[in-house]
Each structure stands twice: as structure tokens, then as C-alpha cells.
Amino acid sequence: MIRLLTVFAICAALLAACNLKSATPAESPVMADADGEARPTKTAAPPPTDASPTTQPTLASTAPSSAINRCIAEADRPTRRIIADVAVDYVSKTAEVQQRIEFLNREDGALDHIVLDAQANQWDDSFSLAELTHNGETTPYEINLNRLRFDLAEPLTPGCWLEIGLRFQLRVAEIRDGLRSYRGFFGYSPRQLNLGHVLPTVAARLNGDWRIHAPAGIGEQIVNAVADWEVNLTVDNAADTLQLAAPGYVAAQGDQAWTIRLRQSRDFVLSLSEEFAVAEQQLADGRTLAVYSFADAQLNDRGLIMDGAAHTAQEGIKALQLFERLFGPYPYDRLVIVQGDFPDGMEFTGLVFVGSAWFYGFDGTEKNYLTLISVHEIAHQWWYARVGNDAALHPWLDEALATYSEYLYIEEYYPSEKNWWWYFRVAVYLPEGGVDSAVYEFSTPREYINAVYLRGAQMLQNLREDIGDEHFFQLLRSYYSAGDGLIADPGLFWRQLAPDQQPLTVATRNEFLTEPAVYVEQE
190 MIRLLTVFAI
200 CAALLAACNL
210 KSATPAESPV
220 MADADGEARP
230 TKTAAPPPTD
240 ASPTTQPTLA
250 STAPSSAINR
260 CIAEADRPTR
270 RIIADVAVDY
280 VSKTAEVQQR
290 IEFLNREDGA
300 LDHIVLDAQA
310 NQWDDSFSLA
320 ELTHNGETTP
330 YEINLNRLRF
340 DLAEPLTPGC
350 WLEIGLRFQL
360 RVAEIRDGLR
370 SYRGFFGYSP
380 RQLNLGHVLP
390 TVAARLNGDW
400 RIHAPAGIGE
410 QIVNAVADWE
420 VNLTVDNAAD
430 TLQLAAPGYV
440 AAQGDQAWTI
450 RLRQSRDFVL
460 SLSEEFAVAE
470 QQLADGRTLA
480 VYSFADAQLN
490 DRGLIMDGAA
500 HTAQEGIKAL
510 QLFERLFGPY
520 PYDRLVIVQG
530 DFPDGMEFTG
540 LVFVGSAWFY
550 GFDGTEKNYL
560 TLISVHEIAH
570 QWWYARVGND
580 AALHPWLDEA
590 LATYSEYLYI
600 EEYYPSEKNW
610 WWYFRVAVYL
620 PEGGVDSAVY
630 EFSTPREYIN
640 AVYLRGAQML
650 QNLREDIGDE
660 HFFQLLRSYY
670 SAGDGLIADP
680 GLFWRQLAPD
690 QQPLTVATRN
700 EFLTEPAVYV
710 EQE
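Using the numbering used here, read the sequence shown as starting at 190 and increasing by one per residue.
Structure representation (C-alpha cells):
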């Protein structure tokens, strides 16, 4: 996710003005259980507060217990399957949600409790959970910010699965100033309503630990495993012109009702507007790229029409084709780009937002942020959507790679502008800092961007020069193949280096990394 370079200065006053709930004191940024195995020590935790979890009383059961044998799972059952009925009131900006999660235990040991990541609950008055059930029985739970925990009546043994039911209401806040504006993928403007990261998911399991982070004001903190999604959406009180932007397979089910299916996705998002203009382009292999934009995506400069939406579609197809050739396949039938009424951009599986400000600044050429942000967010389809990572502890694994992917795009299609990119995107900011830093180590977004995004791109360029083009692009393809569908860590990236390549990269690792020898064999 790109951060707006000229307006970032989140200070104590800004954080105080945000609607974030206070975090429970913790020894590390990871909201791990007491019996969790992984507890990072490198980074400092967010400032502690005296807030405590909210323990909810047991509610009346709304569904009977099922006699299904949940230890006989079909071979192709996904680890996580999410089915939700979402009823949106477009006028009140609310949604009533009935959600079911099926979770298969693929761990070596039994689980005695489950942790869900309820991202919408980090905001005051945005998420109201009415009931949680486990295999049809109402279950008490604890919820603190985005961490939702409940105990199991019986341990979930390896190879068995359970069903979690949730009934809740979402209240969508207006996209205004401050930190909340940068989370506009869950927010509304006068012409758009976005629901991103609002459906709870079973937290990722890494090294025997529930990996879930408390929200912070810099960067991202989401660590999502892939899941199969089916969302049945209905919308009331909207004009006949209402359009839905959503990833995956979308089927109309009548008047302002749709079913959306998306396989092997780390997230779910949709965007609604009564003013969307929709343009779709089909690739030679039958896949489509769709752009959802507003009328102001077309600028009239003294009679010269500059169509930012058409430009985004054209460059998006080129980026998609290039990245498939360089990194590996894009496994979905559609890619959706949405003009977002919030700053910068944001990636989701199969759908990306590009901020309206970038459309307003389009000058009819490739030398602008509309081009670069669009390409950057598309690159996240490889470096996040397919190869996941811990965005809080190892953000460079997606952000440095997505930033350097911008350069690869410029190098391929506009080679005369390579020097422009390095100056405009990187050198002008005089970046410094450790590329492998966690988001909690920065006091301003500018510091975070400089170290992780910009120096990260410099590091990758140096690696390329260290081992040569052929081996460098083989490194990227190998990393994509090894991490596809997983949550990767830096070790997986560095292990793609051949033993004889490791000595060639010593100087680069020493220059850019705070822990240059952690993930590779000793030279």
C-alpha cells in the first residue's frame, strides 16, 4: 500500500484524534496467546494502555448442534472457507451480516481455542457482534480490538474441522481526514461505499502460534492465510444506477443482489457506487481487466481530454502481462481496478484501489503517480495476494518487491525513463534506514516508506547487479513458486540464492539489512 508522500506526518495529536480503541499491554507487537511459541524480541511494542478485553455473555442459541462427522473431510477441503450473507443499507451506510467460517485443523496438535481477526472492530462503533456460535452452539468469547478469541468445548484434533457462526452489524464511517482516511477501503464518501477487511477470518497459524497484530498508525499489520469465499450481497435504498465492484466470479441474483465467489484469497472487499463508469478489456486468453471510475477520471485541459481510466486499463494490462512473464502466473480470471475516494492505493486479492488524487494529477503521460501507483498495486497480486508475508514484522517482502516492480515496468515499456523513475520515486527523498525493519520501529510514515519501500528497491537493484539478470529473475520466480499460497518469511526469500551466490551478496546485505546474516548460511 502506498502512502501519500507529501502529507504524511502522523504525530501524537493525530493518533489521539483517531477512533482507534486502545490496545491491551503486550510484550511484543504480536498479539500471541500465553502459550504461543513465537514472540518477536527485535521490535518494540506499541505504547501500552490500560484497556482490557471485553468479555461477552453467552447468548441464546440460534442454530441447533449438528451431528455431522467433522473428522471426515473431503481431500480438497480448504483450510478456511467463508460464506456470508451481507445486507447493505446504502442510505444508512450499515450492513447486517450472517457469516459462517469452516476451519480445518492442519496442525500437528489439537487446538483448544480459536482466534479470529476481526479488523472492523479496531474502530469505535463500527462492528457490533450479536452472537458467535461454534458447531451450532452459542459460545462466549473475548474481543479486544481486532482479536476475537473463544474456547472450544472439545479440542479440535488434527484433520478435523469446525464451523463458526457470526451475526453482526457493520456501521461504515465517512472517509475524512486523519488516519481513518487512509483506511478508506472500509469507509464511505458521498459517492462510494467500500467494505474491505470487514469479514472476520481465522487468524493465521505460524510456528504453532496465532499470528495476529494489534493495529498501528504506520504501515499495515494484517497477516492473512488464504481462504475460499462466497458472499451473497443485497443492497437496499440505492438508485437503479448502483454498480458493484468486486473480485472473483460475480453473478447477479436479481435487483441489486449478487453472489461473489473467490477462491484462495487472503481477503474480501467490495465497492459500491451509483456513479461508477465501468470499462472492461479482455485479454487474448479470455481473462478480463475492469476499471471502475468516476467522471472526474477524465480531465479536460483546454480541450485536450486526458482519460485516466483508459490509461489505467491500458497500463494495467501491460503490467499484468509483464509480471506473469517475470514472476509467475496470475491465477484469477479477473483483475479489478477501482478509483478510491481515499488517499494513495490499497491492494486486495483480485481488486486494487487507486486514489482519486492520482487521477486528478494525470498529465497524459506515463511519468506520474497514476501510472506508478496502479502498477505498484497490481504487483501486489504477486507480492501479497499470492506470496503472503507478515506485513507488520517483514513489510519489505511485499512493499519493496512491489516498488521495484514499478521499475521493472518502466524498464520494460519506457526504458528512456529509467533515470527519471530512480530520481522521482527514490533519490529525491534521500532514503535511509534498515530495509528489514518492522513497522513498529518507525515514528513517521516517511521514515517507513524511505527504509522499506525505497531502500528496499535499491537493495533489490544491487542484488540484481551482484548476481546478474538471469539469476536475479530466477530468484524472483523461485521465491514466487516456493511461497505461492503461503505466508513467507525473509528466510524463504534468501534461501532461493544458490550457495555460490551468497558470497556475492554480502556487501549488499551488509549495507541494507540490520541483520544481514540471519537468513543465509554463514559465508
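Just so you know, even glycine gets a beta-carbon here, dropped at the ideal spot from N, CA and C.
query                                                                                                                              : result
Integer-rounded CB distance, given that Leu-300 should sit under 8 Å from Pro-344                                                  : 6 Å
Top-ranked residue by Cα proximity to Ala-414, from Pro-404, Phe-662, Trp-399                                                      : Trp-399
Contacts around Asn-699, its chain only, beta-carbon distance under 8 Å, and the 5 residues preceding and following it disregarded : Pro-705
Neighbourhood of Ala-202 by C-beta, 8 Å cutoff - its chain only, sequence neighbours within 5 removed                              : The pLDDT assigned to Ala-202 is 36, lower than 50, so where the model puts this residue is not dependable, and the model offers no usable value.
Counterpart residues of Tyr-519 in DSSP-defined beta bridges                                                                       : Tyr-519 pairs with nothing; no bridge assigned.
First through last residue of the beta strand (DSSP E) which encompasses Ser-713                                                   : No answer is possible for residue 713: it lies beyond the span of the chain, which begins at 190 and ends at 712.
DSSP state of Pro-688 mapped onto helix, strand, coil                                                                              : coil
Same chain only: Cβ atoms within 6 Å of Gln-308, ignoring 5 sequence neighbours per side                                           : Asn-335, His-386
Cβ-based neighbour list, Tyr-438, same chain, cut-off 6 Å, excluding 5 preceding and 5 following                                   : Arg-450
Pairwise C-alpha distance: Asp-655 and Glu-621                                                                                     : 21 Å
The segment 585 to 602 contacting the segment 553 to 566, beta-carbon criterion three pairs below 8 Å                              : yes
Touch test, the segment 477 to 496 against the segment 453 to 465, Cβ-Cβ under 8 Å, three pairs minimum                            : yes
Same chain only: Cβ atoms within 6 Å of Thr-703, ignoring 5 sequence neighbours per side                                           : Gly-623, Asp-625
Helix, strand or coil at Pro-705 according to DSSP, with G and I counted as helix                                                  : coil
Nearest residue (CA-CA) to Ala-273, options Ser-378, Ile-411, Ile-407, Ala-416                                                     : Ala-416
For Thr-560, the first and last residue of its enclosing alpha helix (DSSP H)                                                      : 558 to 568
Cut-off 7 Å between Cβ atoms - residues of its own chain near Phe-661, not counting five sequence neighbours on either side        : Leu-652, Arg-653
Test item: CB-CB of Val-628 and Ile-407 under 8 Å                                                                                  : yes
Tyr-598, DSSP secondary structure in three states                                                                                  : helix
DSSP state of Tyr-481 mapped onto helix, strand, coil                                                                              : strand
Rounded straight-line distance, which links the Cα of Met-495 to that of Phe-631                                                   : 38 Å
Limits of the unbroken alpha helix (DSSP H) element including Arg-635                                                              : 634 to 637
Cβ shell of Thr-268 (< 6 Å), same chain only, five flanking positions each side left out                                           : Leu-293, Arg-295
Residues near Leu-515 by beta carbon distance below 7 Å, same chain, minus five either side                                        : Leu-597, Phe-662, Leu-665
Those residues which DSSP pairs with Ser-460 across a bridge                                                                       : Asn-383, Ala-434
Opposing strand residues paired with Val-541 [DSSP bridges]                                                                        : Ile-526, Glu-536
Proximity of Ile-271 and Ile-290 at Cβ, strictly below 8 Å                                                                         : yes
For Glu-352, the three-state DSSP class (helix, strand or coil)                                                                    : strand
Trp-412 (DSSP reduced to helix, strand or coil)                                                                                    : For the record, residue 412 in the displayed sequence is Val; it is not Trp. It is coil, neither helix nor strand.
Alpha-carbon spacing of Gln-528 relative to Leu-341, whole angstroms                                                               : 43 Å
Beta-carbon spacing of Val-535, Phe-374 below 8 Å                                                                                  : Residue identity differs from the one stated: residue 535 is Met in this sequence, not Val. Against a cut-off of 8 Å, the Cβ pair of Phe-374 and Met-535 comes out as a contact.
Delimiting residues of the beta strand (DSSP E) encompassing Phe-531                                                               : Neither: Phe-531 is in no beta strand (DSSP E) and is coded neither H nor E.
Outcome for Gln-288 when other beta-carbon atoms lying within 10 angstroms are tallied against a minimum of 16                     : buried
8 Å CB neighbourhood of Gly-517 in its chain, flanking five on each side removed                                                   : Trp-571, Arg-575, Arg-666, Tyr-669, Ser-670, Asp-673
Spatial neighbours of Thr-283 in its chain, beta-carbon cut-off 8 Å, leaving aside the 5 residues before and after                 : Val-277, Gln-358, Leu-359, Arg-360, Val-361
Buried or exposed (CB count within 10 angstroms, at least 16 for buried), Gly-550                                                  : exposed
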